[in-house]
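To start, the structure under review is shown below, and the notes come after it.
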Amino acid sequence: MIAVIIPAHNEARRLGHCLKAVRVAAARAEAAGLEVEVLVVLDRCTDASARIARRHGVHTLALEAGNVGIARRLGAAWMIERGAQWLAFTDADSRVPGHWLLSQLQWHADAVCGTVHIERWQPWQGAALRQLYHSRYQATEGHRHIHGANLGVCAKAYAKVGGFQPLPAHEDVQLVLALEAIGAQIVWTASHSVATSSRRDSRARQGFGDYLSGLEGQIL
């Protein structure tokens, strides 16, 4: 079984769009004879995120960690217990492409690190910021970007390195570094880029939103 795991903290505005996109990717994988289950990990949600997840017919797991590393870790453990052999991670403010799951699996690797792209910049994020961002981002095969919004991991390899650590940020980087340390086969591909948000009010500190804010600071 393929598990799609999505941590969410008060993501009612964006979660529905995320789940619609995941459903398309899951349907394509199921049409190829694969089993897919989707889990939204509701971490300290006080908005309508839980209701939206239930409306989309996906599994939910509620916790009060306030920590994305713990949310991903507990979500992965829950799905592995249900028999997941491949763990696909994205974020609640992101939208995966329709071939996302099939593209991850085609490599037969221990892990697949994908790229992200910003589909809609905010009005105040001008040309200078966009140019700086694109100059520093390698959306190519063999890139070295690591995004929790676009990451796939074999459950056996994941378990071998102890899974995500309970970190408030960079838990995805830690996991991939741990996999590299044991000689896992990791594919770095731009073939299934995930659309993500350019918002400033990111839910995880030191994440992608803070990275963009840092770039803004460099051009002011």
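With full-length UniProt numbering, letter number 22 in the sequence shown gets 22, and the count goes up by one each step, no holes.
Glycine residues also receive a C-beta, built at the ideal position from the N, C-alpha and C atoms.
This one's a predicted model, so the numbers in the text were calculated from it and none came from an experiment.
Excluding sequence positions up to five before and after S197, its CB lies within less than 6 Å of the CB of D93, all in the same chain and listed in chain order. Nearest in C-alpha terms to S191, of all of Q174, H59 and W100, is W100. In the displayed model, D43 falls within a strand according to three-state DSSP.
Non-local C-beta neighbours of A195 in its own chain, meaning closer than 7 Å and more than five positions away in sequence, comprise S94, R95, H117 and E119, ordered along the chain. If you ignore the 5 residues before and after A48, its C-beta comes within less than 7 Å of the C-beta of A12, all in its own chain and listed in chain order. In this model, V24 and R136 are separated by some 31 Å (Cα to Cα). Under the rule that a run must span 3 or more residues, the beta strand (DSSP E) segments found entirely inside the segment 75 to 126 read 86 to 89, 111 to 113 and 116 to 118. Non-local C-beta neighbours of V112 in its own chain, meaning closer than 6 Å and more than five positions away in sequence, comprise Q104, G152 and V187, ordered along the chain. The Cβ-Cβ distance between I5 and V36 does not fall below 8 Å. Within the same chain, and ignoring the five residues on either side of V176 in sequence, the residues whose Cβ sits closer than 6 Å to its Cβ are I146.
The DSSP-derived three-state label of G163 is coil. The three-state secondary structure of I6, taken from DSSP, is strand.
Here A50 carries a helix assignment [DSSP, helix/strand/coil]. Under the three-state reduction of DSSP, I182 is assigned to coil, being neither helix nor strand.
One Cα belongs to A65, the other to L74, and the distance between them is close to 10 Å.
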